[in-house]
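Chemist:
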Amino acid sequence: MSKDLNITRLCDAYGALLTEHRRDIIRSYYDYDLSLAEIAENLGITRQAALCSIKQAERQLLEYEAKLKMVEKFDRLQRQIDKAIIDIDTDADRAKQDLRQIVTDIL
1 MSKDLNITRL CDAYGALLTE HRRDIIRSYY DYDLSLAEIA ENLGITRQAA
51 LCSIKQAERQ LLEYEAKLKM VEKFDRLQRQ IDKAIIDIDT DADRAKQDLR
101 QIVTDIL
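Residue numbering for the sequence shown follows the working numbering, starting at 1 and increasing by one per position.
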């Protein structure tokens with residue numbers, strides 16, 4: 001099973017919305033790079049149960065992002081901030097416009 005590292009970012013944003021059990025399993029898999037066998041042994045469950053929990057948690061996290069788009073918004077704001085920082089050195093007036101737009105987007 002290949003790991004979608006975007007899931008780690010989604011877990012950072014929405015992990016509190018998962019059950020503690022699912023959050024622990026998905027963090028074990030993605031953040032601590034434990035195998036399904038290791039997760040299963042640590043929690044006293046089968047490898048299949050660990051895999052099912054990971055898949056369910058991934059599905060939930062993707063659904064939260066599809067509805068709330070917090071990670072997408074964060075990425076967009078980060079790009080805008082990066083652009084404003086560059087503009088500060090080259091075009092202060094443009095940087096002011098960029099920063100006003102960022103504040104508008106946040107509010």
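Each residue gets a CB set at the ideal place from its N, CA and C atoms; glycine is no exception.
Since the structure is predicted, the reported quantities are computational estimates derived from the model, not experimental observations.
Starting from SER28 and walking both ways along the alpha helix (DSSP H), at which residues does that stretch end?
Modeler: Unbroken alpha helix (DSSP H) run through SER28: 20 to 30.
Chemist: State buried or exposed for ALA37, treating a residue as buried only when at least 16 other CB atoms are found within 10 Å of its CB.
Modeler: Flag for ALA37 reads exposed.
Chemist: Just to confirm, is the Cβ distance from ILE7 to GLU58 under 7 Å?
Modeler: Yes, the Cβ-Cβ distance between ILE7 and GLU58 is below 7 Å.
Chemist: Going by C-alpha distance, which of ARG27, ALA16, THR19, LEU17 is nearest ASP4?
Modeler: Checked all of ARG27, ALA16, THR19, LEU17; the closest Cα to ASP4 is ARG27.
Chemist: Could you check the C-alpha separation between LEU17 and TYR64 for me, to the nearest Å?
Modeler: Going by the C-alpha atoms only, they are around 9 Å apart.
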